[in-house]
Amino acid sequence: MKAKPIIIYALLLGAGMALGWWLFGNAGRHESHSHNAAATSEAQVWTCSMHPQIRQDKPGKCPICAMNLIPLKSSGMMTPHTDAIVFSDEAAALANIQTTTAGRRRPVKEMRLYGTIQPDEHRLYSLVSHVNGRIEKLAVNFIGETVQEGQVIATVYSPDLQTAQQELLEAVKMQASQPALLAAAREKLRLWKLTDAQIEEMEQTGKVLPLTDIVANVGGVVTARRVAQGDYVAPGSVIFELADLSVVWALFEAYVTDLPYLRTGNRAEFTTSALPGQTFSGQISFIEPSLDALTRTVKVRVKIANPRLELKPGMYVDVLVHAALKQYDNEIVVPKTAVMWTGKRSIVYVKQQESDMPSFLLREVELGPSLGDAFVVLSGIDEGEQVVTNGVFSIDASAQLEGKPSMMNDVKVHAASLQHAILAVQGLCDMCKARIESTAKSVAGVSSATWDAATQQLHLSYAPEKDAVAAVSQAVSKTGHDTEKHRADDKSYSALPECCRYRNNKN
Numbered sequence: 243m244k245a246k247p248i249i250i251y252a253l254l255l256g257a258g259m260a261l262g263w264w265l266f267g268n269a270g271r272h273e274s275h276s277h278n279a280a281a282t283s284e285a286q287v288w289t290c291s292m293h294p295q296i297r298q299d300k301p302g303k304c305p306i307c308a309m310n311l312i313p314l315k316s317s318g319m320m321t322p323h324t325d326a327i328v329f330s331d332e333a334a335a336l337a338n339i340q341t342t343t344a345g346r347r348r349p350v351k352e353m354r355l356y357g358t359i360q361p362d363e364h365r366l367y368s369l370v371s372h373v374n375g376r377i378e379k380l381a382v383n384f385i386g387e388t389v390q391e392g393q394v395i396a397t398v399y400s401p402d403l404q405t406a407q408q409e410l411l412e413a414v415k416m417q418a419s420q421p422a423l424l425a426a427a428r429e430k431l432r433l434w435k436l437t438d439a440q441i442e443e444m445e446q447t448g449k450v451l452p453l454t455d456i457v458a459n460v461g462g463v464v465t466a467r468r469v470a471q472g473d474y475v476a477p478g479s480v481i482f483e484l485a486d487l488s489v490v491w492a493l494f495e496a497y498v499t500d501l502p503y504l505r506t507g508n509r510a511e512f513t514t515s516a517l518p519g520q521t522f523s524g525q526i527s528f529i530e531p532s533l534d535a536l537t538r539t540v541k542v543r544v545k546i547a548n549p550r551l552e553l554k555p556g557m558y559v560d561v562l563v564h565a566a567l568k569q570y571d572n573e574i575v576v577p578k579t580a581v582m583w584t585g586k587r588s589i590v591y592v593k594q595q596e597s598d599m600p601s602f603l604l605r606e607v608e609l610g611p612s613l614g615d616a617f618v619v620l621s622g623i624d625e626g627e628q629v630v631t632n633g634v635f636s637i638d639a640s641a642q643l644e645g646k647p648s649m650m651n652d653v654k655v656h657a658a659s660l661q662h663a664i665l666a667v668q669g670l671c672d673m674c675k676a677r678i679e680s681t682a683k684s685v686a687g688v689s690s691a692t693w694d695a696a697t698q699q700l701h702l703s704y705a706p707e708k709d710a711v712a713a714v715s716q717a718v719s720k721t722g723h724d725t726e727k728h729r730a731d732d733k734s735y736s737a738l739p740e741c742c743r744y745r746n747n748k749n
């Protein structure tokens, strides 16, 4: 009987201990979990993938499009520069940001020019008549016909040549007494382009040839016909014009801006739509010394072997010239996609290596010549720096939304000459931060503006000749945020998104 109360007391004690462990243990775990969740929430900035100007310190919905917010960056991390644009790893992957290392190399400029195929002027010939007379027969009748060396091109009746043949036959009869006369008669016929075989045949047969053949002394393609059958010709009259197309010229036009980089000996490659899949190459052999007054271009010549006569005069060709820029040797070269132009300025974005998260800073550079797919950089980038080559516009858009230096925002105020001031401004979230800072930076003379949500203070840097603090206070109040100098009207405050209405959160 005495043991029964002891058992009851033991059971009650055990139940009490179990209940206390359950209550206090869960409370501790819940408190720890809440503390970790709060720390995580405080350390994370959330934004919208479609509207990157939205910045909140906790997950939720985008107030514009109602999409789920994504983590952007840790608010506890310090950026290496106040003007740097910081992304989370997820946001950088979403923007497809890629970088390349800026390095030095021997620059080779690629110039794409256009031109045509033309005959080699050193291989243009004229076939002429060496006697006067009437053309009895033409062996070649149309332009474009191929003529071989030694081929008969025309037959001519020449009374003067017939007289000279009679003189030869008379000289043969008197060769024993007057051998010099025979030699003179033979030489006269040779000057009229009769061969030794023809002369010997006349001496042996004693017959005069009434017609004589005109023979081509070179081969080529007929480019012009100057006579017709039955025409009379004089010594030196052009019968046909020929072009030897086994070697041709590629003549292309270079603009004045290309001339500093073109040199004789530069390698050139060209293609033509008439021969798809084939690439021809050669070297620049000549650059004309004068500029065409009409086209404002200079003719540049490339000599090309054409053994199969595939290249026809008049064909259009696309020429790619590779010109080594020795005057820019060992300069830094960056891809063309890394550079953004803003009128007189050229900018790139450089990755900040000291940042734990993807961080990029605008850098103004001085460019040298374009290399086709790259640029020579004369100043603004150091060797080994990581330059953004893909996603540049995404970074610049983010910089514009945050009011930081960007392609469209060129702030050139020396920090040593700036005035600094602190203005109390009411707000809640990162969306408030972006609104307050962008409004402050829009005021004339303000170089930088940084709002701290914890202290509710706006730090300003502005030109000393500008009274910017009052103007900033008034401008910020018009966006719905109370300042120590101005109170926002109810209409402007009511227009703020729900997450930015700080008055409802005051105790």
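Under this note's numbering, the sequence shown is numbered contiguously, ending at residue 749.
For each residue, glycine too, the CB sits at the ideal point set by N, CA and C.
Just so it is clear, the structure is predicted and the values come from calculations on it, not from any experiment.
Complete runs of the alpha helix (DSSP H) confined to the region 403-465 [at least 4 residues]: 421-433 and 438-447
Can you round the beta-carbon distance between Ile377 and Ala406 to whole angstroms, since I take them to be within the 8 Å contact cut? Incorrect: roughly 19 Å between the Cβ atoms, too far for contact.
With H, G and I counted as helix, E and B as strand and the rest as coil, what does DSSP make of Met673? helix
Straight-line Cα distance separating Tyr570 from Ala737: 57 Å
Any idea which residues DSSP pairs Tyr750 with across the strands? Outside the displayed range of the chain (243 to 749) lies residue 750, so it cannot be described from this structure.
Taking the alpha carbon of Val463 as the point to measure from, which residue in Leu517, Phe512, Asp362 and Ile574 has its own alpha carbon closest? Asp362
When the Cα of Lys586 is compared with those of Arg677, Glu606, Ser690 and Ala335, which residue comes out closest? Glu606
When you compare only the Cα positions, how much space is there between Pro502 and Pro555? 29 Å
Exposed or buried, which one is Arg538 when buried takes at least 16 other CB atoms within 10 Å? exposed
Proximity winner among Thr499, Gln525 and Leu493, relative to Asn508 (alpha-carbon distances): Gln525
How about the region 333-352 and the region 415-423: do they share at least three Cβ pairs that are nearer than 8 Å? no
Are His701 and Ile664 touching if we call contact CB-CB under 8 Å? yes
Give me the residue from Asn383, Val350, Leu603 and Ala695 with the minimum Cα distance to Ala676. Ala695
Segment limits, alpha helix (DSSP H) that includes Ser640: Val634 to Leu643
Quick check on the DSSP output: what are the complete beta strand (DSSP E) runs of length 3 or more inside the region 334-359, in order along the chain? 340-343 and 345-347
Among all the DSSP beta bridges, which residues are the ones paired with Val540? Ala496
Rounded to whole angstroms, what is the Cα-Cα separation between Ala326 and Tyr497? 41 Å
Among residues of its own chain, excluding the 5 on either side of Asp500, which ones have a beta-carbon nearer than 6 Å to its beta-carbon? Met353
Taking the alpha helix (DSSP H) that Val711 falls in, what are its first and last residues? Ala710 to Lys720
Less than 6 Å between C-beta atoms, sequence neighbours within five positions excluded: which residues of the same chain meet that for Arg348? Asp571
According to the neighbour-count rule (16 or more other Cβ atoms, all chains shown, within 10 Å of its Cβ), is Thr725 buried or exposed? buried
DSSP three-state call for Gln520: helix, strand or coil? coil
Since Asp331 contacts Cys671 with CB under 8 Å, what's their CB separation in whole angstroms? In fact, because the Cβ distance is near 22 Å, the residues do not count as touching under 8 Å.
Length of the line joining the Cα atoms of Ala564 and Val581: Per the sequence shown, residue 564 should be read as His rather than Ala. Near 22 Å, if we compare the C-alpha coordinates of Val581 and His564.
Sequence-distant residues of the same chain with beta carbon closer than 6 Å to Ser523, five excluded per side: Glu511
Give me, in chain order, the residues of the same chain whose beta-carbon lies closer than 6 Å to that of Glu445; leave out the 5 immediate sequence neighbours on both sides. Val414
So who's on the other strand from Pro361, going by DSSP bridges? Val490
So for Ser317, helix, strand or coil by DSSP? Residue confidence for Ser317 is low, a pLDDT of 45 falling below 50, so the modelled location carries little weight; the figure read from the coordinates is stated next. Three-state result, Ser317: coil.
How many whole angstroms separate the CB atoms of Gln404 and Val469, which I take to be in contact at a CB cut-off of 8 Å? Rounded, the Cβ-Cβ distance is 20 Å, inconsistent with contact.
Would you say the region 534-552 touches the region 487-497, given that touching needs at least three Cβ pairs under 8 Å? yes
Which residues mark the beginning and the end of the alpha helix (DSSP H) in which Lys593 is found? It is not in any alpha helix (DSSP H) - Lys593 instead sits in the beta strand (DSSP E) that spans Arg587 to Lys593.
Report yes if the CB atom of Trp288 is closer than 8 Å to the CB atom of Pro301, and no otherwise. yes
List the whole-angstrom C-beta distance separating Met649 from Ile589, where the pair is believed to meet the contact cut-off of C-beta under 8 Å. 6 Å
Just to confirm the assignment, what range does the alpha helix (DSSP H) spanning Tyr735 have? Asp732 to Ser736
Looking at C-alpha atoms only, which residue of His728, Ser690 and Gly633 is the closest neighbour of Ile339? Gly633
Roughly how many whole angstroms lie between the Cα atoms of Ser690 and Val576? 30 Å
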